[in-house]
Amino acid sequence: MLDKDYDGKMIEKKWQNYWLEKEIFKFNPDKNGEVYVLDTPPPFTSGSLHMGHVMDFTWIDFVQRYKRMRGFNVYCPQGFDCHGLPTELKVEHEFKISKDDKEAFIEKCKEWTAYCVDRMRRQMTDIGYFPDWSRMYLTMKPEYVKLIQKTLIDFYHKGHLFREKHPILWCPKCMTALAKAEVGYEEKDGKLYYLKLPVEGGKEHVEIATTRPELMPSCVGVFFNPKDPRYDKFKGKKVILPLFDRKVPILSDEEVDMSFGTGIVYCCTYGDEQDILWQKKYSLDVITSITEDGKLKAGKDYDGLPVKEARKVIVSELSDLGLLVKEEKMKHRVLLHVERGSCKSPIELLPMEQYFINVRDYKDMLIENGKKISWNPQYMYDRFYDWTDSMDWDWIISRQRVFGTPIPFWKCKKCGELMPAKEEWLPVDPRFDMPKEKCKCGSNEFIGESDVCDCWVDSSATPLAISKYNNDEKFFSKT
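Be aware that the sequence shown starts at 22, since it is given in our numbering, and climbs by one per residue.
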């Protein structure tokens, strides 16, 4: 029977302390019985727990307690995903520390992260969630960084990781590359601009429709559908780009939507993924007219104008030349940086050198292995299938940030070869450390990689971390 003056907080604290003192939830790898492992999702450490965390960890706690009562040897470690842009923004804006002083900035990020981990751990205890705290891991700790770097180097030697110049998803506000999982389309109000482009060698014009007239300086071709008889007479000719006095070819391709606008569009490098495909298919030029901070780079008086302002200026000048036919208000889907709710900036496609992990070649293998898993609820398999089947880009893993797992490579100043770190050097930070041997060409002058890993690279390796893969054979075989 409960006391008349029941003190819930006192009773909860009593049993929480008891569980901790008796190590009720500590995993014993030497204990007999079937092992049941929960690879708990490590939360970002940029603040406090929110109600989504509370719901997730409550479910996990239900499962681990139930399995333990059924006689399983339960292994439920808890980790924390330490790196990421939210922490950098906190340190930069609240603590007023510049990223230019990288070492001081990283130390402050670690300090803030440690504070958040302690707070989140207390909150987890307060809701009654009890993982095996003796096996807690932090993705910023040297042993975890070493694991990630070793994995990347293994991938590099096996040909799964590569560096190349490629159009990438770029956030001009956050000034970093993004993976497809970090962006998404949202419907926005916009305008469709109908523009006349003079055809070379005559008095005729072709009329295109575009939502982005400010990309005209990077136009490399004009396309119509070969099934559209309206434009057959223009095939093989060229148009002259007004304002920029440059000629580009008129081409036909079945991917053009005859019902959109005038049925003829221009290809710019790069306005969308279709532009990427056309540029490669027809070996068109690559002209970049947007800078990393989202401003125009097109000569004349346009340089330095923000994209939206440049759009207004170019439309006004085309109108003055009598080449603006009309503007139509419309709803259209705009690609945004949605992973960070406080950003939501439009994404640009910029050709840049980045690190990639090959995922496209393994789609079928992943789907087949997914079929072997018992999914509960079953519809989660459908989500997995749809997400995996839609991977048409390799994973961009490099980020132009400061607080993250350093990418363990250097570039030789003399021959340009990429040099990966040796396993015995790990963990390393090429921003501050230099290789301990010369390049194959004999040079000992290197440029250290300044990019860091996408934080999802860290969290994708949690199964390796908690099972002590390649570190403790006996423990690995048990878990």
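From the three backbone atoms N, C-alpha and C, an ideal C-beta is built for every residue, glycine too.
Residue of the options minimising C-alpha distance to residue i
i, options, result
"Asp60", "Arg143, Val84, Ile45, Thr66", "Val84"
"Val277", "Tyr291, Val269, Lys259, Pro247", "Pro247"
"Asp139", "Val346, Met90, Gly68, Lys179", "Gly68"
"Leu272", "Arg233, Tyr252, Gly282", "Tyr252"
"Ala482", "Leu159, His71, Leu70, Thr79", "Leu159"
"Glu42", "Asp26, Pro234, Ser155, Tyr376", "Ser155"
"Lys321", "Arg404, Trp133, Leu264, His353", "Leu264"
"Pro219", "Arg267, Phe405, Glu132, Pro163", "Arg267"
"Gly211", "Pro234, Met455, Leu447", "Pro234"
"Arg420", "Pro64, Phe405, Trp477", "Trp477"
"Arg422", "Val75, Cys192, Thr146", "Cys192"
"Ser411", "Tyr383, Lys443, Phe244, Lys217", "Tyr383"
"Val227", "Met196, Glu208, Val269, Ser464", "Val269"
"Gly292", "Tyr57, Leu356, Ser280", "Leu356"
"Gln144", "Leu345, Met72, Asp450, Asp324", "Met72"
Limits of the alpha helix (DSSP H) - the one that residue i falls within
i, result
"Trp80", "72-90"
"Ser481", "476-481"
"Phe497", "494-499"
"Leu41", "29-43"
"Lys171", "163-178"
"Asp147", "123-147"
"Ser340", "328-341"
"Gly391", "384-391"
Through-space distance from residue j to residue i, alpha-carbon basis
i, j, result
"Ile45", "Cys137", "25 Å"
"Pro335", "Leu326", "The identity of residue 335 in the sequence shown is Ile, whereas the question assumes Pro. Between Ile335 and Leu326, the C-alpha separation is close to 11 Å."
"Ser337", "Trp299", "29 Å"
"Leu387", "Glu458", "38 Å"
"Glu494", "Pro484", "14 Å"
"Val328", "Gln375", "24 Å"
"Val359", "Tyr287", "27 Å"
"Lys194", "Lys34", "45 Å"
"Val312", "Lys318", "One point to set straight first is that residue 312 is Thr, not Val, in the sequence displayed. Each residue's Cα considered, the two are about 6 Å apart."
"Pro98", "Met157", "6 Å"
"Lys434", "Glu466", "6 Å"
"Cys364", "Tyr206", "14 Å"
"Met373", "Val473", "15 Å"
"Pro456", "Asp77", "43 Å"
"Asp102", "Trp133", "13 Å"
"Tyr87", "Asn53", "18 Å"
"Glu221", "Lys259", "6 Å"
"Gly469", "Arg142", "36 Å"
"Gly180", "Tyr406", "25 Å"
"Cys460", "Ser304", "35 Å"
"Val404", "Ala200", "First, the residue type needs correcting, since residue 404 is Arg and not Val in the sequence shown. Cα-Cα distance, rounded: 18 Å."
Element boundaries [beta strand (DSSP E), containing residue i]
i, result
"Asn94", "94-96"
"Leu356", "345-358"
"Pro270", "267-273"
"Phe467", "467-469"
"Asp153", "153-159"
Where residue i falls: helix, strand or coil (DSSP)
i, result
"Pro441", "strand"
"Ala230", "strand"
"Lys459", "coil"
"Asp303", "One detail in the question is off: residue 303 reads as Tyr in this sequence, not Asp. The answer is coil: DSSP assigns Tyr303 none of H, G, I, E or B."
"Pro238", "helix"
"Pro188", "strand"
"Ala15", "Nothing about residue 15 can be reported from this structure: the residues present for the chain run from 22 to 500 only."
"Met401", "helix"
"Trp16", "Summary: the structure shown does not reach residue 16, with the chain confined to residues 22 through 500, and so no result is reported for it."
"Tyr291", "coil"
"Ile368", "coil"
Note to self: With three or more beta-carbon pairs closer than 8 Å as the criterion, would you say the region 340-355 touches the region 384-402?
What the structure shows: By the Cβ rule, the region 340-355 does not count as touching the region 384-402, because fewer than three pairs are nearer than 8 Å.
Note to self: Does the contact criterion of 3 or more C-beta pairs under 8 Å hold for the region 307-315 versus the region 426-433?
What the structure shows: The answer is no - the region 426-433 does not touch the region 307-315, with fewer than three Cβ pairs under 8 Å.
Check: Can at least three beta-carbon pairs, one atom from the region 410-425 and one from the region 374-385, be found at a separation below 8 Å?
Finding: These segments touch.
Notebook entry, point to check: Do three or more CB pairs link the region 140-154 to the region 461-481 at distances below 8 Å?
Noted result: Touching, no, given that fewer than three Cβ pairs across the two stretches are closer than 8 Å.
Next item on the list: Count the CB pairs spanning the region 102-110 and the region 65-81 that are closer than 8 Å, and state whether there are at least three.
Entry: Contact between the region 102-110 and the region 65-81 is present, because at least three Cβ pairs lie under 8 Å.
Checklist line | the region 162-180 / the region 345-356 touching (three or more Cβ pairs under 8 Å) | finding: In short, these stretches do not touch, since the Cβ pair count stays below three.
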